[in-house]
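Enquirer:
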Amino acid sequence: MAKHQAPRGMRDVLPPESDWWQWLVSRCREAAHRFGYREIRTPLVEHTEVFLKGVGEGTDIVEHEMYTFADRAGRSLSLRPEGTAGVVRAYVEHGMHTWPQPVKLYYVAEMFRYDRPQAGRYRQHTQFGAEVLGAAGPSADVDVLSLAVRTLQGLGLREVRVHLNSVGDARCRPGYLQAFRDYFQAYYDRLDEDSRRRLTTNPLRILDSKVEQTRQIARGAPRTLDYLCPDCRAHFDRVVRKLEVLGIAVEVDPLIVRGLDYYTRTAAEVHYPKLGAQSTLFGGGRYDGLAEVLGGPPTPGVGFGMGLERVLLVLEQEGLLPEVDASPRVFVCCEGEAWEDEALRVVDALRGAGLRAEGDLLDRSLRAQLRAASKAGARWAVLVGVPGTPAGEVILRDLRSGEQRVVRTEAVVGLVAREEEGGCARTGAGS
RNA sequence: GUGGCCGUAGCUCAAGUGGCAGAGCACCAGACUGUGGCUCUGGGGGUUGCGGGUUCGAGUCCCGUCGGCCACCCCA
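Count along the first sequence from 1, then add 7; that gives the number in our numbering.
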């Protein structure tokens, strides 16, 4: 076994998986641009304070899951466990409230959480996320959520169902929480240990419990939707209706809550059940109080974060990963040292003409070079310096048919280029 | 952080109740076609994740540790 391994919960991405990543990320970017979102790139680390305030001190993420360390000057920094806090910090820091509103931003970024790893849950993972800042109305919720949904659909995922709930706002949430606590307090002896703990730390998450007895109790629990103030109620109804206008399947789900403190009103998730316990593809919602918490002007915001490792797992399960052809089109073989420079010039000229071309780097025999060319999937081989070939000429061999002809060295690039163009036109390459 | 299952070559996996670490694929070289694919021959590769213990003898049994997986927890 290797002496050194990647840190726990972190992984190497090798070809061809790296090809799939490039493809996936570009699809996300294209979708975001289509929706009018522009990229924001924030630091991988923030002052720990940003997450303490922005994510919430009582949350599991900041209590147990952050990679926190002191830099050489003694400042406490943390690897970002999620994307929104940093984006909102940047919004405030750069006075983006003076930009034309709303500000629509997206990111594709690595997140770090010190969790116990399993399939679909990594200590380093990648999120595609988007935020709308400065728009309080339901249209903004629908804009970001539809970006997430249409991105997934664009990847070929059919049944995307948005689970939707509202957790209220500063006006109605306290009253709800009171009723919620009162309800579970009455069943205290029958609650499991985790749920008792949550009653004080993160009450709403009791709704997510997997313990059967607790689930039964939870079925009778007060629901946020019944406690919404009129404004929150109207907001929620309009989000649902607009998603339906778009033909996006919505399931009102009172059990969707967010573990993060800054969420208000809309809470949304999309799951892919086949992934098992780590089935959330994206989660998102509204966070109207966050900018103020981070010292900025009151600014409404709504966004989502999508786990790309999980999306890739789903695409793999569904057979939706693209075929990526990384093979060279032309392989230049060289017989003998005397011709190495000539072969090098031919490879370079082919590349200059925009063709994917390779040459031998291992001083192999002609046979071995041809073998390598064939194995690499090259369509053409150019043979330089084969005995019997007239000076100034090379052999152009079609590796598919086995046909070959002797051509002038200066002409070979043009010949291959023409063949490739014709081939592309015939097969209608690209999709 | 809790509980459970697992760890043998680069990959997929063999090696009855403890008894000489193997195969296929992959990789490299050679043979046969002037020069690839097909076929054949050979080769390189392992401290059985790591450390300790039991035993005449451990891939196999025990303990610890690291890593992966499943569930909890949490969440993307």
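Cβ coordinates follow ideal geometry from the N, Cα and C atoms, glycine included. In this text the structure is predicted, and so the values were computed from the model without any measurement.
Would the C-beta of Thr221 count as close to the ligand FMN, meaning under 8 Å from any of its heavy atoms?
Expert: Among the components of this structure there are no ligands whatsoever, and the ligand FMN is therefore not found.
Enquirer: So Val156 and Val174 are supposed to be a Cβ contact under 8 Å. How far apart are they, rounded?
Expert: Their Cβ separation, rounded to whole angstroms, is 20 Å, which puts Val156 and Val174 out of contact at 8 Å.
Enquirer: Nearest to Arg128 by CA position, among Ala241, Lys10, Ala80 and Leu282, is which residue?
Expert: Leu282
Enquirer: Please classify Asp244: is it buried, with 16 or more other beta-carbons within 10 angstroms of its beta-carbon, or exposed?
Expert: exposed
Enquirer: Indicate the three-state DSSP secondary structure (helix, strand or coil) for Tyr270 in the structure shown.
Expert: coil
Enquirer: Is Ala116 closer than 9 Å to Leu211 when the C-beta atoms are compared?
Expert: no
Enquirer: Could you give the distance in angstroms between the alpha-carbon of Val32 and the alpha-carbon of Leu422?
Expert: Near 36 Å, if we compare the C-alpha coordinates of Leu422 and Val32.
Enquirer: Taking a contact to mean a Cβ-Cβ separation below 9 Å, would you say Met73 touches Tyr121 in this structure?
Expert: Yes. Within cutoff.
Enquirer: What residue from Gln411, Glu427, Ile402 and Arg407 has the CA that sits closest to Glu417's CA?
Expert: Nearest in C-alpha terms to Glu417, of all of Gln411, Glu427, Ile402 and Arg407, is Ile402.
Enquirer: Thinking C-beta only, is Leu86 closer than 9 Å to Phe135?
Expert: no
Enquirer: Report the residue from Tyr269, Ala92, Glu200 and Arg317 whose alpha carbon sits nearest the alpha carbon of Leu288.
Expert: Arg317
Enquirer: Just mark His278 as buried or exposed, buried being the case when its beta carbon has 16 or more other beta carbons within 10 Å.
Expert: Burial is judged here by how many other beta carbons sit within 10 angstroms of a residue's own beta carbon; His278 has at least 16 and is buried.
Enquirer: Taking its Cβ as the centre, do 16 or more other Cβ atoms sit within 10 Å of Trp387, making it buried, or is it exposed?
Expert: buried
Enquirer: Can you give the Cα-Cα distance for Val69 and Gln12, rounded to whole angstroms?
Expert: Near 27 Å, if we compare the C-alpha coordinates of Gln12 and Val69.
Enquirer: If you reduce the DSSP assignment to three classes, tell me which class Met73 lands in.
Expert: coil
Enquirer: Who pairs with Ser202 in a beta bridge, going by DSSP?
Expert: According to DSSP, Ser202 bridges with nothing at all.
Enquirer: Does the segment 225-240 come close enough to the segment 256-273 that 3 or more CB-CB pairs lie under 8 Å?
Expert: yes
Enquirer: What would DSSP say about Phe338, mapped onto helix, strand or coil?
Expert: strand
Enquirer: For the alpha helix (DSSP H) holding Asp150, just list the boundary residues, first then last.
Expert: Pro145 to Gly161
Enquirer: Tyr183: which of Thr231, Arg197 and Val149 sits nearest, CA to CA?
Expert: Distance from the Cα of Tyr183 is smallest, within the candidate group Thr231, Arg197 and Val149, for Thr231.
Enquirer: Can you give me the start and stop residues for the alpha helix (DSSP H) that Ser33 sits inside?
Expert: Glu24 to Arg41
Enquirer: Bridge partners of Lys111, per DSSP?
Expert: Val139
Enquirer: Based on the DSSP secondary-structure assignment, which residues constitute the bridge partners of Ile402?
Expert: Leu390 and Val413
Enquirer: Can you name, in chain order, every residue of its own chain whose Cβ lies under 8 Å from the Cβ of Glu426, other than the five neighbours on each side?
Expert: Trp387
Enquirer: Can you list, in chain order, the stretches of the alpha helix (DSSP H) that have 4 or more residues and sit fully within the segment 243-319?
Expert: 297-300
Enquirer: Check whether the Cβ atoms of Leu327 and Gly163 sit closer than 9 Å, and answer yes or no.
Expert: The answer is yes: Cβ separation under 9 Å.
Enquirer: Just the C-alpha distance for Arg34 and Val393, rounded to the nearest angstrom, thanks.
Expert: 46 Å
Enquirer: From Ala383 to Ala333, what distance separates their C-alpha atoms?
Expert: 9 Å
Enquirer: Using the beta-carbon count (16 or more within 10 Å), is Arg352 buried or exposed?
Expert: exposed
Enquirer: Under a Cβ-count criterion, where at least 16 other Cβ atoms within 10 Å of its own Cβ denotes burial, should Gly343 be classed as buried or exposed?
Expert: exposed
Enquirer: In whole angstroms, what separates the C-alpha of Arg18 from that of Phe76?
Expert: 22 Å
Enquirer: What span of residues does the alpha helix (DSSP H) with Gly61 cover, start to end?
Expert: Thr55 to Val62
Enquirer: Quick check on Arg433: does DSSP put it in helix, strand or coil?
Expert: Any reading at Arg433 needs caution, since the residue's pLDDT is 45, under 50, leaving its predicted position unreliable; the model's value is listed next. Three-state result, Arg433: helix.
Enquirer: With DSSP as the reference, label Val331 as helix, strand or coil.
Expert: Of the three classes helix, strand and coil, the one that applies to Val331 here is coil, per DSSP.
Enquirer: Give the secondary structure of Gln376 by DSSP, where H, G and I count as helix, E and B as strand, and everything else as coil.
Expert: helix
Enquirer: Tell me, to the nearest whole angstrom, how far the beta carbon of Tyr194 is from that of Ile224; I am working on the premise that it is less than 8 Å.
Expert: 5 Å
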